[in-house]
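Below: the structure, in structure tokens.
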Amino acid sequence: MKNKIWRIKGYEGTFTDEELISLISSGQVKGDFQITTREMKIWTKISDSIYQYYLKEDIDENI
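Numbered continuously in the working numbering, the sequence shown closes out at residue 79.
Here's what the structure looks like:
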């Protein structure tokens, strides 16, 4: 299976799955950032994609 090559709106260049996951996990890319691939017809928010799993969760301050 061939790796997808991602584009991030507002970023120069392209990113592999691993690079995208690293950017999300480190907090450099947030849930409201938009991504796309050559196969996709639209931009999708990371928070609406399968990559939402890698977003850092907000800590509930009420605990």
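All C-beta atoms, glycine included, are put in the ideal place defined by N, C-alpha and C. Every value quoted in this text rests on a predicted model; they were computed, and no experiment measured them.
Nearest candidate by alpha-carbon position, reference residue i, set the options
i: residue 61; options: 47, 55, 27, 70; result: 47
i: residue 66; options: 57, 36, 54; result: 36
i: residue 19; options: 27, 32, 26; result: 32
i: residue 27; options: 52, 34, 57, 42; result: 52
i: residue 68; options: 57, 55, 40; result: 40
i: residue 64; options: 50, 38, 25; result: 50
i: residue 25; options: 34, 44, 59; result: 59
Run of the beta strand (DSSP E) containing residue i, from where it starts to where it stops
i: residue 51; result: 50 to 53
i: residue 10; result: A question about residue 10 goes unanswered here, because the residues of the chain that appear run from 17 up to 79.
DSSP-derived helix/strand/coil call for residue i
i: residue 64; result: helix
Local Cβ density within 10 Å of residue i, reported as buried at 16 or more and exposed below that
i: residue 79; result: The predicted model places residue 79 with a pLDDT of 45, which falls under 50 and marks its position as unreliable, so this point remains unresolved.
i: residue 22; result: buried
Endpoints, alpha helix (DSSP H) assigned at residue i
i: residue 34; result: 33 to 41
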